[in-house]
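Chains A and B are the protein sequences, given in the same order.
Per this note's numbering, the very first residue in the first sequence carries number 725; after that it's consecutive.
Per this note's numbering, the very first residue in the second sequence carries number 725; after that it's consecutive.
Using N, Cα and C, we set each Cβ at its ideal position, and we do this for glycine too.
Protein chains: 2
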Amino acid sequence: MPTKRVTSRQVAKKAGVSQTTVSFVLNNHAAENNIPNETIERVQQAARELGYVPDAAARTLARGRSNNIGLMLAQPHDQVFIDEYIPNIITGLSRITKEHGYRILLEMVHDDLHADAYANLMRSKEVAGIIVNQPFHNDAQRLLALQQEGFAIVTLANIHPTIPSVMVDKLLGVRKAVKHLIKLGHERIGCITYAPIASNEHVRQRLMIFQRALESKGLVFDDGLVREGAFDPDTGYEAMKSLLNQSPLPTAVFAMNDMMAYGAMTAIQEAGLRIPEDVALVGFDDVRLARFTTPALTTIYEPDIEHGYRAGELLIRLINEEPIEQPHIVLGTQLKIRDSCGWKLANPDITPPIS
Amino acid sequence: MPTKRVTSRQVAKKAGVSQTTVSFVLNNHAAENNIPNETIERVQQAARELGYVPDAAARTLARGRSNNIGLMLAQPHDQVFIDEYIPNIITGLSRITKEHGYRILLEMVHDDLHADAYANLMRSKEVAGIIVNQPFHNDAQRLLALQQEGFAIVTLANIHPTIPSVMVDKLLGVRKAVKHLIKLGHERIGCITYAPIASNEHVRQRLMIFQRALESKGLVFDDGLVREGAFDPDTGYEAMKSLLNQSPLPTAVFAMNDMMAYGAMTAIQEAGLRIPEDVALVGFDDVRLARFTTPALTTIYEPDIEHGYRAGELLIRLINEEPIEQPHIVLGTQLKIRDSCGWKLANPDITPPIS
DNA sequence: TCAATTTACTAATACGCATTAGTAAACTTA
DNA sequence: TAAGTTTACTAATGCGTATTAGTAAATTGA
């Protein structure tokens, strides 16, 4: 327990002024209050010499606003950090928060406590605003209620017209991946989801895009080629092993994330099949290792760092009540053609196009 | 900007008691103050009905202690999240902080601001204590000074006898990795560091262990087989390409992290060499994908999640001024024998030992 | 030269909670 | 039945800052 803390009053005493003046000087209100340079310097020096650091709680209480922003991670505890998405979000977010003097407060939200967690964090004024990761649509009402109380909220997926968001157009990414496989001549394409279809709306949407992409090219969607995984490589491995029991085999598989794609890759290779010759494989996310495996993984790149940065930028604008030109920002994806899809095998001398 | 906030005074009014009583009830001081159950319930109900959430800043100010703990990441911005270490630390840490009602405040420390960042965060009382990742020994004095002011500090590596720490015995891990390669008959073993040797003390220590492990078996340490990488796969790739110019080639390579090991793997395979037949490879960290690549990577597992959990546990004890039985906790590593080292190739029918 | 303005400040208060030091009423005890 | 004790509370204050509403002194303007 800290013993002696330096307060603004002590600085005031040392500089021979009032606490008010110290506050003015240290918060750049000197000009409006006609405080001469000489006094400013005296105060600053006193503060420096005493090692004065403003008490965050007192400041927040007086100002009515915290200098923290909350990052709400609404995922099961052990899934939050399976891939590089959240770390990248944090990297981008911390860049912008640092520029504006905010800090990041992490809040892991267990499913059953959703409502309380959002609301308590905001109402406790522990944070000036929150960024909500992957909210489901049934969170919209809760967030909307909070927003109407005047709290600043940005979501990392567009779930409601009036709640500002920054999102990556993942559905278009799915389409790119599937169309790429179709273009390579595949007609039986398997799919590994990252969550149960019945309970996860995002998965359903992606699967629908998957289906439409097939049907738009006159192909048949066969739900016997769909398997449910759960984010991590093990589940991709199991899902793929199950797919390998199908007959005829799918000639290509789209995994909804790279982690599961690698599980699938292991299953395929264990079965003595070659990638991409026997089964082509496309993932989603573009994890750091995707370029460095054998075969290198064809996948969809998402601009996660920018995603975090832009979300922070938007949130800070909201907090400052600055005008928002575009409350729903959509970022694009890129198809990264590498070796697991077979394109390079068929086009050895051409640089892969980016789409 | 939120409009109407519910304060404890409003709860008091609604329940027909004083604000003091509300505070007693909601902080479980009812018993000491002879508050009958009936009143307790009345207050609780009023709080519930009004949706009362205590103001964090006011509470911190009154109590003199925050409910946040700081996680100081003292690494270059873009290196923090290259591997899974920090995410795992956060996962473990959030588990224990949640149990005790603390939240995690992230602080990325740029090198040049070290001193200010540590001190300001603590002195501002924004956090009740800090966990410092990978501090260098020259941070010890600063941390020591803070500690003597009464602040709670735990480091994730033992840098000073009086600063409590939780660490993983990485040096022993290095020894395990190198001895494993030696046991497999390798005599020319390359090494890829994750940072420049001259400027990074941790790297120097590990390299020394590497050298000693060789020499203890009568082998010669050849610094022509050492290359400097910088955490990520690209640098491992470049380092390995450079090693492949050596003649004779090393028959095995130890990379100081898995990310670089995968870069090295790519370089080896691009050169038309086989792993492990031509060059054996061992990494460090045991990233999630290590089991799912071809070949699967032999590496050193570190208990990162436990590391975070234990550090949080220790910090909370410090904050609560509870007795600390053991201020320096050391966690062990495990050698995970997979395919890249060649052990399984040589022992196809035996389950690999764990060490 | 005297009122009006500007300069350079300060006193006082609010922010919302926790906590200490009470107090009035009810209940014991001798 | 009076003194002491317990019960069930409350008034008042402090935490450290930001901010509003001043104020005395110096300067300006006509």
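(message) Quick check: what's the CA-CA separation for A/G1032 versus A/A1020?
(response) So the alpha carbons of these two residues sit roughly 27 Å apart.
(request) Flag this pair as touching only if the stretch 770 to 786 of chain A and the stretch 799 to 817 of chain A have three or more C-beta atom pairs under 8 Å; answer yes or no. (result) Below 8 Å, too few C-beta pairs join the stretch 770 to 786 of chain A and the stretch 799 to 817 of chain A to call them touching: fewer than three.
(request) Could you tell me the boundaries of the alpha helix (DSSP H) in which B/S889 lies? (result) First-last for B/S889: S889 to V892, but that is the beta strand (DSSP E), not the alpha helix (DSSP H).
(request) Note down, in chain order, every chain A residue with its Cβ under 7 Å from the Cβ of B/G987. (result) The CB of B/G987 comes closer than 7 Å to the CB of F1016 in chain A, given here in chain order.
(message) With a threshold of 7 Å between beta carbons, is B/F1008 in contact with chain A?
(response) Against chain A, the CB of B/F1008 has no partner CB under 7 Å away; the residue lies outside that interface.
(request) Note down the Cα distance separating B/L908 from B/T1023, rounded to an integer number of angstroms. (result) Going from the Cα of B/L908 to the Cα of B/T1023 covers about 15 Å.
(message) Against B/D779, what residues of chain A qualify as contacts under a CB-to-CB distance less than 8 Å, listed in chain order?
(response) Contact note: B/D779 reaches chain A through L785, S848 and K849, using a C-beta cutoff of 8 Å and chain order.
(request) Could you name the residues of chain A that B/E831 contacts, counting a contact when the two beta carbons are closer than 7 Å? (result) R827, listed in chain order.
(request) Going by CA-CA distance only, name the one from A/Q872, A/V1006, A/N882 and A/I820 that's closest to A/R899. (result) Considering only alpha carbons, the answer is A/V1006.
(message) If we define contact as Cβ-Cβ less than 7 Å, is A/A782 a contact residue for chain B?
(response) For A/A782, the answer is yes, since a Cβ of chain B falls inside 7 Å of its Cβ.
(request) Classify A/R827 as helix, strand or coil using the three-state DSSP reduction. (result) Three-state result, A/R827: strand.
(request) Identify every run of the alpha helix (DSSP H) within the stretch 733 to 775 of chain B, keeping only runs that are complete inside it and at least 4 residues long; order them along the chain. (result) 743 to 750 and 761 to 774, all fully within the stretch 733 to 775 of chain B.
(message) Below 6 Å, is the gap between the Cβ of B/T959 and the nearest heavy atom of the ligand MG?
(response) With respect to the ligand MG, the structure shown offers nothing to examine, as it has no ligands at all.
(message) Looking at A/V890: is its Cβ nearer than 7 Å to the Cβ of A/A995?
(response) No, the Cβ-Cβ distance between A/V890 and A/A995 is not below 7 Å.
(message) Can you tell me where the beta strand (DSSP E) holding A/L997 begins and where it ends?
(response) Careful: A/L997 lies outside any beta strand (DSSP E) and carries neither H nor E.
(request) Figure out for me which residue from A/S971, A/I906 and A/I877 has the closest Cα to the Cα of A/E1045. (result) Out of A/S971, A/I906 and A/I877, A/I877 has the C-alpha closest to the C-alpha of A/E1045.
(request) In the DSSP assignment, find the unbroken alpha helix (DSSP H) run with A/H1052 in it and report its ends. (result) Note, A/H1052: premise wrong, no alpha helix (DSSP H); beta strand (DSSP E) at H1052 to L1055.
(request) Compile a chain-ordered list of the residues in the stretch 801 to 816 of chain B whose CB is closer than 8 Å to at least one CB of chain A. (result) Only H801, D802, V804, F805, I806, E808, I810, P811, N812, I814 and T815 from the stretch 801 to 816 of chain B bring a Cβ to less than 8 Å from some Cβ of chain A.
(request) Please confirm whether A/L1100 and B/L785 have their CB atoms less than 7 Å apart. (result) In the structure as shown, chain A starts at 725 and stops at 1079, and residue 1100 of chain A therefore has no counterpart that could be examined.
(message) Tell me the residue span of the beta strand (DSSP E) that contains A/Y1025.
(response) Residues T1023 to Y1025.
(request) Indicate the three-state DSSP secondary structure (helix, strand or coil) for A/D1009 in the structure shown. (result) Three-state DSSP puts A/D1009 in a strand.
(message) Counting C-beta neighbours from all protein chains within 10 Å, is the total for A/I1074 16 or more, i.e. buried, or is it exposed?
(response) Exposed, since its Cβ has fewer than 16 Cβ neighbours within 10 Å.
(request) Following the continuous beta strand (DSSP E) through A/I1029, name the residue where it begins and the one where it ends. (result) Annotation: A/I1029 is outside any beta strand (DSSP E); the continuous alpha helix (DSSP H) that includes it extends over D1028 to I1043.
(message) Does the structure place the stretch 922 to 938 of chain A close enough to the stretch 1055 to 1071 of chain A that three or more beta carbon pairs sit under 8 Å?
(response) A contact is defined here as three or more CB-CB pairs under 8 Å, and the stretch 1055 to 1071 of chain A fails this definition with respect to the stretch 922 to 938 of chain A.
(message) Give me the chain A residues within the contact set of B/Q993, using Cβ-Cβ distance strictly less than 8 Å, ordered along the chain.
(response) Residues of chain A passing the Cβ test: T1018.
(message) Less than 7 Å between the beta carbons of B/L1055 and B/V892, yes or no?
(response) When the beta-carbon positions are compared, B/L1055 and B/V892 come within less than 7 Å of each other.
(request) Compare the C-beta of B/S966 against all C-beta atoms of chain A and say whether one is closer than 7 Å. (result) Answer no: the Cβ-Cβ gap between B/S966 and chain A never drops below 7 Å.
(message) At the level of alpha carbons, what is the spacing between B/T1017 and A/T1018?
(response) The alpha-carbon atoms of B/T1017 and A/T1018 are separated by roughly 7 Å.
(message) Give me the residue from B/A881, B/A976 and B/M989 with the minimum Cα distance to B/I855.
(response) For B/I855, the nearest C-alpha among the options comes from B/A881.
(message) Quick check on DSSP: helix, strand or coil for A/A979?
(response) Here A/A979 sits in strand by DSSP.
(request) Keeping to the same chain, check which residues put their C-beta closer than 7 Å to that of A/N981; ignore five residues upstream and five downstream. (result) Listed in chain order, the non-local C-beta contacts of A/N981 below 7 Å within the same chain comprise D807, Y918, F955, G1007, F1008 and D1009, local neighbours out to five positions each way being set aside.
(request) Just tell me which of B/K894, B/L817, B/G788 and B/R819 has its CA closest to the CA of B/E850. (result) Taking only the C-alpha atoms, the option nearest B/E850 is B/G788.
(request) Starting from B/S742, find everything on chain A with Cβ-Cβ shorter than 7 Å and list it in chain order. (result) Residues of chain A with a Cβ closer than 7 Å to the Cβ of B/S742 do not exist, since the nearest Cβ in that chain sits about 21 Å away.
(message) Nearest by alpha-carbon distance to B/I1078: which of B/H904, B/N857 and B/E873 is it?
(response) The option with the nearest alpha carbon to B/I1078 is B/H904.
(request) Jot down the residue ranges of each uninterrupted alpha helix (DSSP H) in the stretch 908 to 975 of chain A, minimum 4 residues, whole runs only, in chain order. (result) Taking only runs of at least 4 residues, the alpha helix (DSSP H) segments lying wholly in the stretch 908 to 975 of chain A are 925 to 940 and 957 to 967.
(request) Please confirm if A/L1069 has its CB atom under 7 Å from at least one CB of chain B. (result) Output row for A/L1069: interface = no.
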